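In the numbering used here, the protein residues as written are 11 to 319. Just so you know, even glycine gets a beta-carbon here, dropped at the ideal spot from N, CA and C. Only a predicted model underlies this, so the values are computations on that prediction, with no experimental measurement involved.
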Amino acid sequence: MNFSEIKDLLKAEAEKLGFSYFGFTGTEPLNDFSIFESWLRKNVFGTMNYLNRPDTLAKRADLQLLMPDARSVMVLGTAVSQPVTQTQFKIASFAHYYDYHEQIADRCDQLIQRVSQLAGTTPKYLVCVDAKPVLERSLAVRAGLGWIGRSSMLIHPSFGSFNLLSEIFLSWELPPDEPYAADGCGDCRRCAEACPAGCIDPEARLIDASRCISYLTIEHKGDFPSQRAAERCGDWVFGCDVCMAVCPWNQKAIPVESYLKSFDFAEDLESDLFISESEFKQKYKKSPVSRIKSSGWKRNLRNAIANQK
Ligand code: B12
Ligand code: SF4
Ligand code: SF4
Numbered sequence: 011m012n013f014s015e016i017k018d019l020l021k022a023e024a025e026k027l028g029f030s031y032f033g034f035t036g037t038e039p040l041n042d043f044s045i046f047e048s049w050l051r052k053n054v055f056g057t058m059n060y061l062n063r064p065d066t067l068a069k070r071a072d073l074q075l076l077m078p079d080a081r082s083v084m085v086l087g088t089a090v091s092q093p094v095t096q097t098q099f100k101i102a103s104f105a106h107y108y109d110y111h112e113q114i115a116d117r118c119d120q121l122i123q124r125v126s127q128l129a130g131t132t133p134k135y136l137v138c139v140d141a142k143p144v145l146e147r148s149l150a151v152r153a154g155l156g157w158i159g160r161s162s163m164l165i166h167p168s169f170g171s172f173n174l175l176s177e178i179f180l181s182w183e184l185p186p187d188e189p190y191a192a193d194g195c196g197d198c199r200r201c202a203e204a205c206p207a208g209c210i211d212p213e214a215r216l217i218d219a220s221r222c223i224s225y226l227t228i229e230h231k232g233d234f235p236s237q238r239a240a241e242r243c244g245d246w247v248f249g250c251d252v253c254m255a256v257c258p259w260n261q262k263a264i265p266v267e268s269y270l271k272s273f274d275f276a277e278d279l280e281s282d283l284f285i286s287e288s289e290f291k292q293k294y295k296k297s298p299v300s301r302i303k304s305s306g307w308k309r310n311l312r313n314a315i316a317n318q319k
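Shown next as structure tokens:
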């Protein structure tokens, strides 16, 4: 079987496994690395120092460092639904599922196992879901999957931006797809106008992450950096979806039922203010919320209650 046939198999099986979209690119360095570097120089990454570490920087600059045998990369999109029911507080769409990292990585593994069996040959491969030092959005553009919106989200022309990215680095030298060249944003600036934190730079298509509600409620440890920052979070208690919710490309996106397993929050979240760390661990085991521990969760709940008042 040649690489073109293997690529067709990967596409057919990825669709069967529930990935919404997928594309292929090579492992040469990404031109967008210079955008990443200039963004770092603005010092708007808050306490996410891992983004600025020499070892992770080197890997972002040179994809081969992540996997020296890699000859191509498959980029895949996993849909999450825009939540229709919210608790009394707002929780980002991706958190209405059990932690996505493991679930997406499992699907990617399954994909390679199935295709290896069908093709009669097994590649070396490496799965990345969010946590590895990879410029995921830039890779997705180069794999032909969409454009970087003014919100800084990767927007797929049919599936919008309510989706999560993953990549499979492969020792197979699969033919690359054409990079995505169109821009679907035009004169629109709805995301920048609607962002409660005012942190979107619609011209550069980058954000001031240190002010973003998603950063403040998930990544930032301890007290909020200022009273204004705390107020800007409004009633969001984990992440924020505003820049996606207002985007016209999501309003006309093809609705997809996610393969991710959903996680239901209790209606009365306020009672979580009184639970212990071990009760919290039990209740939010395998939910992305577990990441911020009970201290972060209670901080966010207290803040949202104060903001609602
Ligand atoms: C750090 C991080 C954050 C930070 C900073 C986000 C940011 N916009 O920079 C915080 C905590 C704020 C965050 C929030 C969210 N995140 Co986040 N995050 C990441 C992470 C780990 C790194 C992103 C990063 O490097 N940022 C620095 C900037 C400079 O890089 P970038 O945004 O990727 O921009 C690149 C390209 O977009 C391109 N580019 C940027 N501007 C322009 C302009 C032009 C003209 C061109 C040509 C190219 C270009 O070049 C840049 C460098 O490669 C990625 C996973 C990963 N490994 O990539 C997930 C990731 C970007 N996050 C994701 C998600 C889902 C979110 C949230 C929606 C979660 C939520 N609901 O709360 C929000 C959205 C906020 C937003 N508007 O971006 C998804 C995005 C999926 C998608 N469709 O785009 C990712 C890819 C994780 C995943 N595997 O699915 N996130
Ligand atoms: S996630 Fe919320 S705070 Fe962050 S850029 Fe989007 S709208 Fe603004
Ligand atoms: S809201 Fe408008 S400007 Fe923002 S990403 Fe969507 S189309 Fe682009």
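Residues bridged to residue i [DSSP beta-bridge criterion]
{"i": "Trp-182", "result": "According to DSSP, which records beta bridges pairwise, Trp-182 is partnered with nothing at all."}
{"i": "His-166", "result": "Gly-170"}
{"i": "Lys-100", "result": "Trp-246"}
{"i": "Gly-87", "result": "Tyr-31, Leu-175"}
{"i": "Val-139", "result": "Bridge partners of Val-139: none, in fact."}
{"i": "Asp-211", "result": "Leu-216"}
{"i": "Trp-259", "result": "BP columns for Trp-259 are empty, so no partner."}
{"i": "Ile-158", "result": "Leu-164"}
{"i": "Ser-297", "result": "DSSP, once it has assigned bridges, lists no residue as partnering Ser-297."}
{"i": "Ser-272", "result": "Tyr-107"}
{"i": "Ser-82", "result": "Leu-180"}
Buried versus exposed call for residue i [16 or more other C-beta atoms within 10 Å across all chains shown]
{"i": "Thr-57", "result": "exposed"}
{"i": "Asn-260", "result": "buried"}
{"i": "Asn-313", "result": "buried"}
{"i": "Arg-238", "result": "exposed"}
{"i": "Phe-284", "result": "exposed"}
{"i": "Tyr-60", "result": "exposed"}
{"i": "Met-11", "result": "exposed"}
{"i": "Glu-112", "result": "exposed"}
{"i": "Leu-164", "result": "buried"}
{"i": "Ala-276", "result": "exposed"}
{"i": "Leu-184", "result": "buried"}
{"i": "Ser-305", "result": "exposed"}
{"i": "Lys-262", "result": "exposed"}
{"i": "Leu-76", "result": "buried"}
{"i": "Lys-295", "result": "exposed"}
{"i": "Pro-93", "result": "buried"}
{"i": "Lys-17", "result": "buried"}
{"i": "Asp-251", "result": "buried"}
{"i": "Ser-82", "result": "buried"}
{"i": "Pro-64", "result": "exposed"}
Contact under 8 Å by Cβ, residue i with residue j
{"i": "Leu-85", "j": "Leu-149", "result": "Here the sequence assigns Val to residue 85, which means Leu is not the residue at that position. Result yes, Cβ atoms of Val-85 and Leu-149 sit closer than 8 Å."}
{"i": "Phe-104", "j": "Leu-311", "result": "no"}
{"i": "Cys-243", "j": "Thr-227", "result": "yes"}
{"i": "Arg-117", "j": "Leu-27", "result": "yes"}
{"i": "Leu-67", "j": "Leu-145", "result": "no"}
{"i": "Pro-167", "j": "Gly-154", "result": "no"}
{"i": "Cys-195", "j": "Arg-160", "result": "yes"}
{"i": "Lys-291", "j": "Tyr-108", "result": "no"}
{"i": "Trp-307", "j": "Asp-282", "result": "yes"}
{"i": "Gly-87", "j": "Phe-13", "result": "no"}
{"i": "Ala-219", "j": "Phe-46", "result": "no"}
{"i": "Ala-80", "j": "Ser-30", "result": "no"}
{"i": "Ser-162", "j": "Ile-114", "result": "no"}
{"i": "Ile-315", "j": "Glu-289", "result": "no"}
6 Å CB neighbourhood of residue i in its chain, flanking five on each side removed
{"i": "Leu-50", "result": "Asn-62"}
{"i": "Ser-286", "result": "none"}
{"i": "Arg-124", "result": "Glu-23"}
{"i": "Cys-198", "result": "none"}
Nonlocal neighbours in the same chain, by C-beta distance under 7 Å from residue i, ignoring five residues either side
{"i": "Ala-207", "result": "Arg-221, Cys-222, Ile-223, Arg-242"}
{"i": "Val-256", "result": "Arg-200, Cys-201, Ala-204"}
{"i": "Ile-158", "result": "Arg-147, Val-151, Leu-164, Arg-215"}
{"i": "Asp-42", "result": "Leu-145, Ser-148"}
{"i": "Gln-120", "result": "Leu-27"}
{"i": "Ala-71", "result": "Pro-39, Phe-43"}
{"i": "Phe-248", "result": "Ile-101, Ala-102, Ala-105, Thr-227, Ile-228, Val-299, Asn-310"}
{"i": "Ile-302", "result": "Ile-228"}
Sequence-distant residues of the same chain with beta carbon closer than 8 Å to residue i, five excluded per side
{"i": "Ser-91", "result": "Ser-103, His-106, Phe-172, Pro-265, Val-266, Glu-267, Ser-268"}
{"i": "Asn-317", "result": "Ala-240, Glu-241, Cys-243, Gly-244, Asp-245"}
{"i": "Pro-133", "result": "Ile-122, Ser-126, Leu-180, Ser-181, Trp-182"}
Near ligand 4: residue i beta-carbon under 7 Å from a heavy atom
{"i": "Val-247", "result": "Ligands present in the displayed structure are limited to ligand 1, ligand 2 and ligand 3, and ligand 4 is not among them."}
Legend entry - the stretch 31-42 in contact with the stretch 178-198 per 3-pair CB rule at 8 Å: Counting C-beta pairs closer than 8 Å gives three or more between the stretch 31-42 and the stretch 178-198, which meets the contact rule.
Inset, instruction - Take every Cβ of the stretch 134-145, pair it with every Cβ of the stretch 168-176, and state whether three or more of those distances are shorter than 8 Å. - result: Three or more beta-carbon pairs drawn from the stretch 134-145 and the stretch 168-176 are found closer than 8 Å, and the two stretches are therefore classed as touching.
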